[in-house]
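Reading through the C-alpha cells given below for one structure.
There are 2 protein chains.
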Amino acid sequence: MDNRPIGIFDSGIGGLTVMREVMEQLPYENIIYLGDTARIPYGSKSEQTIKKFSHQCATFLKNKDVKTIVVACNTASSNALDMLTREFDIPLIGVIDPGARTASKATKTGRIGVIGTTATINSYAYQKKIMEYLSTAEVIGIPCPLFVPIVEEGWEYSQVAVLTAEKYLTELIEHDVDTLVLGCTHYPILRHTIKKVLGPQVTLVNPAFETAKDLKNLLIEKDILNGNYDKPRYEYYATDAPERFRRIGGNFLKKEIDNLYEITIDNL
Amino acid sequence: MDNRPIGIFDSGIGGLTVMREVMEQLPYENIIYLGDTARIPYGSKSEQTIKKFSHQCATFLKNKDVKTIVVACNTASSNALDMLTREFDIPLIGVIDPGARTASKATKTGRIGVIGTTATINSYAYQKKIMEYLSTAEVIGIPCPLFVPIVEEGWEYSQVAVLTAEKYLTELIEHDVDTLVLGCTHYPILRHTIKKVLGPQVTLVNPAFETAKDLKNLLIEKDILNGNYDKPRYEYYATDAPERFRRIGGNFLKKEIDNLYEITIDNL
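What follows is the structure, given as C-alpha cells:
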C-alpha cells in the first residue's frame, strides 16, 4: 500500500481526458496533474525538444514525491517514454502501449489506422508497437494538425470539422481500415465526426481508457494502491494561463478544477 | 552609418514575411533572424509568459550586437514591446503601430476590423493604437486561431479555409468594415480567401510591409543605415526543428535559407 499521489503530465489540458479515466477507474487515488501550457503544443516540435520538456515535467512530479508517473501526452509518450524510463527510478506508463495493444486485439482484417500530431506519427511509435503485437498488421499513420485547434474552438460538430476530417481520413477509407487509434488526447472529442466520415464499421480505440486500465493493473501488481479510502486530493499545476486551463480543462475533465497553481519548470 | 546587423525575432517562421519586406526595402542591410520555434505559438499564451519569452529573444539578439530590433510577431509586439523598449537601450520597432497607422489612414467609414491570435486581440493593442490615430474609429477585433494551422498545412485555398473564414469574419461583414488589419504574420498568405469572403470593397492592411517602411525611416533618421553596399549577410537562428524552419520558412521568405543555426535561449 502507498498513499502517495499518482503524477500525470501532458503538454497542456488534453491529458485531463486520461486523468478523468484514472479518477473513474481508481477513485481512491490522490493525483497531481501537470500541464505544460507555456510550451504547448509538443506535437509540432522535434524529438530532442520534446525529450527536454518531458524530462522537466517528470522532474517536477518526482520532486512532488509521486509513486508513479503517467505520461498522458501521446507526443511525449512516443518520443520520450523510453528515455524517462531509463532516467527515473519509479514506474512510468505511457499511452502508446495500451492503445496499440487494444487496436491489435480489436482488428479483424489487420488494417489499422493511427491519427495523431505530426511528432507522434513521425516517431512511428504506434506503428512499431502495433507490429510487435500483431506482426502481420498493416498500419497507416496520418498526422492531423488541425484537429486540436478545432476542438479548442469548440467546433467539433461543425462543417469545418467534417470537411477537415474528410481531407485527413480519405487515405484511411481507401485502405479500408477496420480499426482507428485516436492517438491524441483531444481526438476522442471529435469521435462523432470521425465516425460519420469513416462509417460505423470502423472501431475507434481511445488510449486514455486503456491507459487507466493498465495503470490500475500496475498499482495492483506492485502493491502500491492507496490503502486509504478517504476522498482523494487532486492538485493541478499549469506552466501558463491557469484561467484558460480551468475553463477549457473543466470541459475535458467534466469536473470543476480546484487546487490549481501556476508554476515554472523550464529551469528543472 | 552603422554596419552592424538588424535583429528580427518572431515566435516562429511567420516573421520571415517581415524579414522579406525588410530585405526588399533595405537591400544592403545585414540581418539576424531568430525564430523561437521551441515554444511556438505565443498567441494562445498569457501576457506574462509572452513577456518572458520576448525578453529572452531580445537578449539573444542584443548579445549578437544588433543595432536595432524588429519585433516581427504581432503577439509579442502587442504584449511585450513597451516592456522591451524600457529594458533595452537600442531602438526597437514592432508591427502594431505601422499597421494601426496605415489602417486609420485607409478607412473611409471609420469601421475597421482586426484579426489576429487570441493574445493579440485580447491585448487590445491594435484597437487602442488605431483609436490614438483616429479617435472616432469603430474597431472590431476577432481572434482566428485556426488560420495559422491552415496556412501551415498549405490549405489556404481549400474549402476548409473558406468555411473557416466565413465563420470568423461574419461579424465583420455585419459591421460593414471597410478596412481589415491582417494582425498575424501568417494571414497575408490567406488574403485571397479573406478577400473572397469579405468582398473587394474591403482594404486589407499588411503590417509587415508598413513595418519595413517604418524601419527604413528609423535607420535614416538615426543615421544608422549600413554604409557598405556589399551583398549583405543573413543569419537565421531557430530554437527547435531547423529542418522544418528551412522548409516552411523558405516558402514564407521566397528564398533559400542558408546560415541556419539551432540554439537554446530559455536560460537567457
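Just so you know, the sequences run in chain order A and B.
For the working numbering, add 6 to where a residue sits in the first sequence, where the first one is 1.
For the working numbering, add 6 to where a residue sits in the second sequence, where the first one is 1.
Using N, Cα and C, we set each Cβ at its ideal position, and we do this for glycine too.
query                                                                                                                       : result
Paired residues, beta bridge with I38 (chain B) - DSSP                                                                      : B:G13 and B:E241
From A:L188, A:G205 and A:K134, residue whose alpha carbon lies closest to that of E180 (chain A)                           : A:G205
Contact set for A3 (chain A): own chain, Cβ-Cβ below 6 Å, skip 5 residues either direction                                  : One cannot answer for residue 3 (chain A) here, as it falls past the ends of chain A, which runs 7 to 274.
Between the CA atoms of A167 (chain A) and E162 (chain B) - distance to the nearest angstrom                                : 16 Å
Local Cβ density within 10 Å of R239 (chain B), reported as buried at 16 or more and exposed below that                     : exposed
Residues from the segment 168-202 of chain A in contact with chain B, defined by Cβ distance under 8 Å                      : L169, T170 and K173
Minimum Cβ-Cβ distance from T55 (chain B) to chain A less than 8 Å                                                          : yes
Among A:C79, A:N234 and A:I146, the one whose alpha carbon lies nearest that of Y34 (chain A)                               : A:N234
Among A:I37, A:P155, A:Y243 and A:I148, nearest to G189 (chain A) - alpha-carbon criterion                                  : A:I148
Span of the beta strand (DSSP E), counted from its first residue to its last, around L210 (chain B)                         : T209 to V211
Meets three-Cβ-pair contact criterion under 8 Å: the segment 100-107 of chain A and the segment 45-56 of chain B            : no
6 Å Cβ shell around K222 (chain A) - same chain, five flanking residues per side excluded                                   : Q31 and L32
With 16 other Cβ atoms within 10 Å as the buried cut-off, status of I195 (chain B)                                          : buried
Through-space distance from N80 (chain A) to W209 (chain A), alpha-carbon basis                                             : Position check: residue 209 (chain A) holds Thr in this sequence, whereas Trp was assumed. Approximately 19 Å, taken between the alpha carbons.
Beta carbon proximity, R45 (chain A) to chain B, threshold 8 Å                                                              : yes
DSSP three-state assignment for V145 (chain B), whether helix, strand or coil                                               : strand
Contact list for L231 (chain B) against chain A, beta-carbon separation under 8 Å                                           : Near L231 (chain B) there are no residues of chain A at all, since even the closest Cβ is about 38 Å away, more than 8 Å.
Inter-stretch contact (C-beta, 8 Å, three-pair minimum) for the segment 56-73 of chain B and the segment 108-124 of chain B : no
Identity of the residue in B:K219, B:D71, B:G116 and B:T91 nearest Y139 (chain B) by Cα                                     : B:G116
Straight-line gap, A125 (chain B) to I146 (chain B) (C-alpha atoms, nearest Å)                                              : 15 Å
Spatial distance of T170 (chain B) from F153 (chain B) (CA atoms)                                                           : 8 Å
I99 (chain A) - DSSP class collapsed to helix/strand/coil                                                                   : strand
Simplified DSSP state of V76 (chain A), which is helix, strand or coil                                                      : strand
Nearest residue (CA-CA) to T74 (chain A), options A:Q62, A:P97 and A:T23                                                    : A:P97
Cβ of L152 (chain A) within 8 Å of any chain B Cβ                                                                           : yes
Within-8 Å CB hit, S129 (chain A) to chain B                                                                                : no
Residue(s) in a DSSP beta bridge with I118 (chain A)                                                                        : A:V145 and A:T185
Residue closest to T177 (chain A), alpha-carbon to alpha-carbon, out of A:I156, A:F215, A:G41 and A:I118                    : For the sequence presented, residue 177 (chain A) should be read as Glu rather than Thr. The shortest C-alpha separation from E177 (chain A) is found at A:I118.
Of the listed residues A:K260, A:I254 and A:E262, nearest to S50 (chain B) (C-alpha basis)                                  : A:I254
From B:Y39, B:I19 and B:T23, residue whose alpha carbon lies closest to that of K12 (chain B)                               : It should be pointed out that residue 12 (chain B) corresponds to Ile in this sequence rather than to Lys. The residue with the shortest Cα to Cα distance from I12 (chain B) is B:Y39.
Own chain partners of P151 (chain B) with C-beta closer than 8 Å, once the 5 adjacent residues on each side are dropped     : G49, S50, T123 and T124
Chain B contact residues for E35 (chain A), given Cβ-Cβ distances below 8 Å                                                 : By Cβ distance, chain B contributes nothing, its closest Cβ being about 30 Å from E35 (chain A), past 8 Å.
Neighbour flag for P155 (chain B) against chain C, beta carbons, 8 Å                                                        : Of the chains in the structure shown, none is chain C; the protein chains are A and B.
Local conformation of E172 (chain B) per DSSP, three classes                                                                : helix
Cβ-Cβ distance between F215 (chain A) and L22 (chain A) below 8 Å                                                           : no
6 Å CB neighbourhood of Q133 (chain A) in its chain, flanking five on each side removed                                     : V145 and G147
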